[in-house]
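Undergrad: Before I ask anything, let me first share the structure, which is written out below as structure tokens.
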Amino acid sequence: MTPELGQFALVLALCLALVQAVFPLIGSINRTPSWMALAQPLAWGQFVFLSLSFAALTYAFLTDDFSVLYVAQHGNTQLPIVYKISAVWGAHEGSLLLWVLILSGWMVAVASLARNLPPEMLARVLAVMGMISIGFLSFLLFTSNPFERLFPIPMEGGELNPLLQDFGLAIHPPMLYMGYVGLSVAFSFAIAALIGGKMDTAWARWSRPWTLIAWVFLTIGITLGSWWAYYELGWGGWWFWDPVENASFMPWLVATALVHSLAVTEKRGAFKRWTVLLALMGFSLSLLGTFLVRSGVLTSVHAFATDPARGLFILMFLCLVIGGSLVLYAWRAPSITPGGGFNMLSRETFLLGNNLLLIITTAFVLLGTLAPLLYDAMGWGKISVGFPWFTAMFVMFMPLMVVIMGAGPMTRWKNQDPKALLRSLSLPFAISVAAGLLVAMPFGTGSWSAGLAVGLSIWLLTTLLYGARKRFQNRSGISLIKDIAGRGSRSWYAMWIAHIGIAVFIIGVTFVTQFDIEKDIRMSPGQTYEMEGYTFRFDGVKAQTGPNYRTQFGTVRVFQDDREIAVLNPEKRTYTVQTNPMTEAGIDAGFLRDIYVSLGEPLGGGDWALRLYYKPFVRWIWLGGLLISLGGLLAASDPRYRSKVLARLRKPAIQPTLAAENHS
Amino acid sequence: MKTARKKRLILIGLMVTGVAAAVAFGLQAFNQNLMFFYSPSEVVAGDAPADTAFRVGGLVTNGSVARQSDGLTVQFDVTDNAEAITVQYTGILPDLFREGQGIVAHGKLRDDGMFVANEVLAKHDENYMAPEVAASLKQAHDTGVGKGMGTP
């Protein structure tokens with residue numbers, strides 16, 4: 001009975017979405033307050049019904065209701081409760097249900113937190129989100145119904161893919177979806193602005209915190225995914241340029257550009273059309289990502305659904321969204337007035353450079369991701385684009401980006417005196433070049449890439465420190481705390497933390513790629529092996545049993561200077577239902593280095609193939625990601641985005657619209 | 001006014017040049033990094049390049065996996081059910097590698113016809129098969145059926 005209720009709730013949510021997409025929009029155009037006011041209760045209604053539907057599916061998993069096909073495929077009586085819950089979004093149908101649930105969550109958040117938006121703006125934003133909701137709800141109901149029944153009812157379920165039975169991966173998809181779907185808010189704000197034909201700094205101020213929060217979720221989601229891939233896949237990689245990773249990375253790059261461009265639009269009123277275009281692109285790339293992942297068109301470890309009907313549906317939806325929004329843009333954008341001008345040397349120019357580089361990088365990632373599809377479709381052969389190409393593309397643009405990133409915050413808006421800029425940049429420049437050279441010298445590391453990376457990181461650090469010193473010169477003690485807590489300047493501290501995160505990330509990436517050591521060896525019990533001053537002793541493998549798996553439980557003791565520093569337990573698990581073997585790595589994590597051991601295969605006589613890794617600074621990659629997210633959170637929490645402040649902003653913002661309308 | 005316009009033109013010119021250079025470099029590097037996929041039949045027929053790396057995929061032939069004495073080097077046959085080639089790989093094979101399973105190997109062809117792989121991929125889902133592998137199996141199957149119908 002509950003599954004039917006769940007499905008019925010989905011149908012009701014779709015009905016509400018249909019009303020929400022049409023009536024508030026019409027109301028906003030012919031100015032009918034009662035129609036506009038429909039948007040908020042409808043958003044809440046969708047949220048309630050989708051929560052019920054999601055609860056119904058979760059209940060089916062918890063009670064092992066194998067009469068539901070999706071539960072029979074992905075649930076199992078022996079699954080621990082946590083993974084019964086995460087199994088709800090462990091495959092296609094359920095993850096889409098989560099997608100729409102999160103979408104309705106964002107709608108409710110907009111409906112209740114953005115009360116101070118002009119009513120017609122709020123009505124339009126929610127109407128556009130309603131349209132997106134229609135698309136995904138009909139996709140769910142017509143091609144991927146999670147509540148489909150199965151007869152005869154099996155005694156035992158299939159099982160959640162063992163790779164997904166892991167805490168990191170249980171929370172990775174929800175985070176990523178929060179980000180993907182969150183970009184729909186920025187998208188809806190942009191579309192609403194295009195419909196209204198009004199675009200001012202107030203618009204940027206409404207849209208910015210939402211974009212920031214979505215971007216933070218995306219950052220956390222990607223960081224979690226990378227961390228998960230590192231410890232779970234068992235070969236110590238943290239990024240593979242896999243199409244599905246790229247699918248999450250492209251919206252992130254565009255959202256990063258958007259976050260910066262919104263700053264210009266808010267502070268200076270410039271880049272308006274560009275900002276709108278970025279908001280449209282960001283969500284379009286989220287949808288493209290969904291298409292790539294869900295249609296199974298690409299060779300990828302993540303492709304767990306291969307169904308052409310689904311692919312076709314998303315492809316059509318994608319064309320509709322991108323095509324529709326671009327037509328609207330082409331029609332309305334010329335009416336957007338240009339904003340404040342700026343000189344060649346100004347913060348605007350640096351931010352423009354940042355945006356340009358981010359978009360070029362996105363374009364290249366897109367090319368590399370879609371090229372295999374294109375070649376196949378054209379009959380040019382079946383190709384894959386090598387990992388080295390993506391890396392080369394990234395390495396080509398990153399250094400320039402970091403140079404800009406260091407100089408940009410030191411530059412004034414609108415116009416900067418070149419001499420003053422040179423004066424303030426000369427010391428950081430000298431320090432970073434010296435540091436880079438030191439590291440690159442044979443007595444340092446002997447690696448030019450490491451030198452470049454350290455130089456760039458030091459450049460970021462020193463320019464940031466210089467900026468901080470300037471800021472603190474005239475402030476001390478209490479006034480400093482006020483400055484951090486107050487409105488207007490919190491975004492500066494947010495930028496500061498996020499950019500430090502980039503410096504940390506660069507160090508991590510470069511050191512781990514330049515100096516990691518990987519060794520595949522055969523070891524007998526009791527045998528030792530030396531690497532990087534560490535002695536690894538293999539103490540054999542024992543068979544053990546876990547809750548829903550059997551395991552070959554290995555023990556490797558690591559010694560440094562005859563002192564035992566770690567006992568690692570790499571495992572080879574075989575899950576009882578899906579009898580795939582799975583590697584669990586043994587990791588000794590450290591701030592400056594990780595030691596990582598994984599089991600290969602038994603070679604007879606108690607001997608095993610083992611893979612030993614020494615990974616310097618690998619934690620810094622995710623530490624950087626955390627700092628970037630923290631910066632984003634701090635920026636989004638700026639008091640200037642609170643409703644009271646925005647309400648004051650609203651009054652002067654209304655006048656120009658009315659004036660414009662009287663004019664026309 | 002005029003100088004402001006001139007400056008803007010310079011800025012735009014610089015950006016266009018920069019973007020063009022980046023795109024040219026990127027596309028050139030792109031062409032060098034493409035890896036083509038060949039089925040065992042195509043490799044046996046001599047269609048695969050001799051000196052550049054490519055990918056080959058198919059099913060691991062039952063009973064063909066042989067370990068060398070050093071314990072880490074493995075040889076196995078990969079087939080599309082029409083032809084088979086031998087692949088050599090040193091290192092730890094992925095978890096899902098086993099006989100009868102579809103795999104994709106990256107590497108180069110040696111003069112004696114042995115494919116020396118530097119990477120072997122088996123997919124994480126046991127029901128999932130790389131599209132290239134599935135397509136090449138289907139193609140070999142179709143042509144096989146065609147031959148069968150022609151000979152009786």
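Those sequence lines, one after another, are chains A and B.
Note that the working numbering has the first sequence beginning at 1, numbered continuously upward.
Note that the working numbering has the second sequence beginning at 1, numbered continuously upward.
We put the beta carbon where it would ideally sit given N, CA and C, even for glycine.
#1: Does any residue of chain A bring its CB to less than 8 Å from the CB of L109 (chain B)?
#2: Assuming contact is defined by CB atoms lying nearer than 8 Å, are L18 (chain A) and R124 (chain A) in contact in what I supplied?
#3: Check whether the Cβ of V403 (chain A) lies closer than 8 Å to any Cβ atom in chain B.
#4: Closer than 8 Å, CB to CB, is L72 (chain B) near chain A or not?
#5: Three-state secondary structure (DSSP) at G324 (chain A)?
#6: Is the distance from the Cβ of A22 (chain B) to the Cβ of I360 (chain A) below 8 Å?
#7: Report all residues from its chain with a CB closer than 7 Å to the CB of I102 (chain A); omit the five preceding and five following residues, and keep chain order.
#8: Let me make sure I understand the geometry here. Which of A:L370, A:E584 and A:F515 has the alpha-carbon closest to that of Y575 (chain A)?
#9: Just to confirm, are K272 (chain A) and G339 (chain A) a CB contact at a threshold of 8 Å?
#10: Counting contacts by CB-CB distance shorter than 8 Å, is K7 (chain B) in contact with chain A?
#11: Can you have a look at K84 (chain A) and say buried or exposed, based on whether 16 or more other CB atoms are within 10 angstroms of its CB?
#12: At a Cβ threshold of 8 Å, is F665 (chain A) touching chain B?
#13: In terms of residues, what are the limits of the beta strand (DSSP E) holding E530 (chain A)?
#14: List the residues of chain B whose Cβ lies closer than 9 Å to the Cβ of I383 (chain A), in chain order.
#15: Taking only the alpha-carbon atoms, compute the straight-line gap between Q139 (chain B) and S226 (chain A) and give it to the nearest angstrom.
#16: Just to confirm the assignment, what range does the alpha helix (DSSP H) spanning G451 (chain A) have?
#17: Between K519 (chain A) and the rest of its own chain, which residues show a CB-CB distance below 8 Å, the 5 nearest in sequence each way excluded?
#18: In chain order, what residues of the same chain lie with their CB nearer than 7 Å to the CB of I213 (chain A), ignoring the 5 residues before and after it?
#19: Nearest to F49 (chain A) by alpha carbon, out of A:R205, A:L5, A:T349 and A:I322?
#20: For M155 (chain A), count neighbouring C-beta atoms within 10 Å of its own C-beta (all shown protein chains included) and say buried if the count is 16 or more, exposed if not.
#21: Would P525 (chain A) pass as an interface residue toward chain B - the criterion being a Cβ-Cβ separation below 8 Å?
#22: F591 (chain A): buried (16+ other C-beta within 10 angstroms of its C-beta) or exposed?
#23: Determine the chain B residues that contact R611 (chain A) at a beta-carbon separation under 9 Å, and present them in chain order.
#24: Rounded C-beta distance between N161 (chain A) and G90 (chain A)? I'm assuming under 8 Å.
#25: Using beta-carbon positions only, say whether L10 (chain A) and S53 (chain A) come within less than 8 Å of one another.
#26: What's the gap between the Cα of L658 (chain A) and the Cα of A24 (chain B)?
#27: Taking three-plus beta-carbon pairs below 8 Å as touching, is the region 275-290 of chain A in contact with the region 385-403 of chain A?
#28: Give the single residue among A:K267, A:P243 and A:R640 whose Cα lies nearest to the Cα of V365 (chain A).
#29: Buried or exposed for V16 (chain B), going by 16 or more other Cβ atoms inside 10 Å?
#30: List in chain order: all unbroken beta strand (DSSP E) runs of 3+ residues lying wholly within the region 335-402 of chain A.
#31: Distance cutoff 8 Å, beta carbons only. Does G26 (chain B) sit that close to anything in chain A?
#32: Which one of B:D47, B:G113, B:T86 and B:F30 has the shortest CA to CA distance from F37 (chain B)?
#33: Look at the alpha carbon of Q40 (chain A) and the alpha carbon of F54 (chain B), and state the distance between them as a whole number of angstroms.
#34: Rounded to whole angstroms, what's the CA-CA distance from R8 (chain B) to L14 (chain B)? Just pull it up for me.
#35: Per DSSP, K615 (chain A) forms a beta bridge with which residues?
#36: What does the Cβ neighbour count give for Q68 (chain B), buried or exposed, with the cut at 16 atoms within 10 Å?
TA: So, from the listed chains and residues:
#1: The count along the second sequence starts at 1 and reaches residue 109 (chain B) at position 109. Chain A contact via Cβ: absent.
#2: As a position in the first sequence, residue 18 (chain A) is number 18, starting the count at 1. As a position in the first sequence, residue 124 (chain A) is number 124, starting the count at 1. Cβ atoms of L18 (chain A) and R124 (chain A): not closer than 8 Å.
#3: Translated into the one-based positions of the first sequence, residue 403 (chain A) becomes position 403. Chain B contact via Cβ: absent.
#4: Looking up residue 72 (chain B) in the second sequence gives position 72. Yes, because at least one Cβ of chain A sits closer than 8 Å to the Cβ of L72 (chain B).
#5: Here residue 324 (chain A) refers to the residue found at position 324 of the first sequence. Here G324 (chain A) sits in helix by DSSP.
#6: Mapped onto the second sequence, residue 22 (chain B) falls at position 22. Mapped onto the first sequence, residue 360 (chain A) falls at position 360. Yes; because the gap between Cβ atoms is below 8 Å, this pair is in contact.
#7: Within the first sequence, residue 102 (chain A) is the residue found at index 102, counting from 1. If we look at I102 (chain A) and ignore the five residues flanking it on each side, its Cβ neighbours are Y177, M178 and V181.
#8: Locating residue 575 (chain A) in the first sequence gives position 575, counting from the first residue. The shortest C-alpha separation from Y575 (chain A) is found at A:E584.
#9: Locating residue 272 (chain A) in the first sequence gives position 272, where the first residue counts as 1. Locating residue 339 (chain A) in the first sequence gives position 339, where the first residue counts as 1. Taking 8 Å as the Cβ cut-off, K272 (chain A) and G339 (chain A) qualify as a contacting pair.
#10: Taking the first residue of the second sequence as 1, we reach residue 7 (chain B) at position 7. Closer than 8 Å to some Cβ of chain A, the Cβ of K7 (chain B) qualifies, so yes.
#11: Residue 84 (chain A) sits at position 84 when you count from the first residue of the first sequence. Burial call: buried.
#12: Shown here, chain A extends from 1 to 664; a query on residue 665 (chain A) therefore has no answer.
#13: The residue you call residue 530 (chain A) lines up with position 530 of the first sequence. Segment T528 to M531, the beta strand (DSSP E) holding E530 (chain A).
#14: In the first sequence, the residue the question calls residue 383 (chain A) occupies position 383. What I383 (chain A) touches in chain B: L34, M35, F36, F37 and R55.
#15: As a working note, residue 139 (chain B) is residue 139 in the second sequence. As a working note, residue 226 (chain A) is residue 226 in the first sequence. Spanning the two alpha carbons is a distance of roughly 37 Å.
#16: For the purposes of this step, residue 451 (chain A) is taken as the residue at position 451 of the first sequence. First-last of the alpha helix (DSSP H) with G451 (chain A): W448 to Q473.
#17: Translated into the one-based positions of the first sequence, residue 519 (chain A) becomes position 519. Y529, M531, R611, L612 and Y613, listed in sequence order.
#18: Residue 213 (chain A) sits at position 213 when you count from the first residue of the first sequence. Once the five neighbours on either side are set aside, the close Cβ partners of I213 (chain A) are G182 and A636.
#19: Stepping through the first sequence from its first residue, residue 49 (chain A) is reached at position 49. Checked all of A:R205, A:L5, A:T349 and A:I322; the closest Cα to F49 (chain A) is A:L5.
#20: Your numbering for residue 155 (chain A) matches position 155 in the first sequence. Its Cβ having fewer than 16 others within 10 Å, M155 (chain A) is exposed.
#21: Within the first sequence, the letter at position 525 stands for residue 525 (chain A). No - not a single Cβ of chain B is within 8 Å of the one on P525 (chain A).
#22: Taking the first residue of the first sequence as position 1, residue 591 (chain A) is located at position 591. With fewer than 16 Cβ atoms within 10 Å of its Cβ, F591 (chain A) is classed as exposed.
#23: Residue 611 (chain A) sits at position 611 when you count from the first residue of the first sequence. Here the neighbours are G91 and I92.
#24: Taking the first residue of the first sequence as position 1, residue 161 (chain A) is located at position 161. Taking the first residue of the first sequence as position 1, residue 90 (chain A) is located at position 90. Rounded, the Cβ-Cβ distance is 7 Å, consistent with contact.
#25: Walking along the first sequence from the start, residue 10 (chain A) turns up at place 10. Walking along the first sequence from the start, residue 53 (chain A) turns up at place 53. Closer than 8 Å, so yes.
#26: What you label residue 658 (chain A) is simply residue 658 of the first sequence in a count that begins at 1. What you label residue 24 (chain B) is simply residue 24 of the second sequence in a count that begins at 1. At L658 (chain A), the pLDDT of 37 sits below 50, so the modelled position is not reliable; the number obtained from the coordinates is stated separately. Those two C-alpha atoms are separated by around 49 Å.
#27: no
#28: Along the first sequence, read from residue 1 onward, the residue named residue 365 (chain A) stands at position 365. Among A:K267, A:P243 and A:R640, the Cα nearest to that of V365 (chain A) belongs to A:P243.
#29: Translated into positions along the second sequence, residue 16 (chain B) becomes position 16. Its Cβ having fewer than 16 others within 10 Å, V16 (chain B) is exposed.
#30: 383-385
#31: As a first step, residue 26 (chain B) is located in the second sequence; it is residue number 26 there, counting from the start. For G26 (chain B), the answer is yes, since a Cβ of chain A falls inside 8 Å of its Cβ.
#32: In the second sequence, counting from the first residue as 1, residue 37 (chain B) sits at position 37. Cα-wise, what sits closest to F37 (chain B) is B:D47.
#33: Position 40 of the first sequence, counted from the first residue, corresponds to residue 40 (chain A). Position 54 of the second sequence, counted from the first residue, corresponds to residue 54 (chain B). C-alpha separation (whole angstroms): 56 Å.
#34: Translated into the one-based positions of the second sequence, residue 8 (chain B) becomes position 8. Translated into the one-based positions of the second sequence, residue 14 (chain B) becomes position 14. So the two alpha carbons sit approximately 10 Å from each other.
#35: Within the first sequence, numbered from 1, the residue matching residue 615 (chain A) stands at position 615. K615 (chain A) pairs with A:D594.
#36: In the second sequence, counting from the first residue as 1, residue 68 (chain B) sits at position 68. The residue is exposed, with fewer than 16 neighbouring Cβ atoms inside 10 Å.
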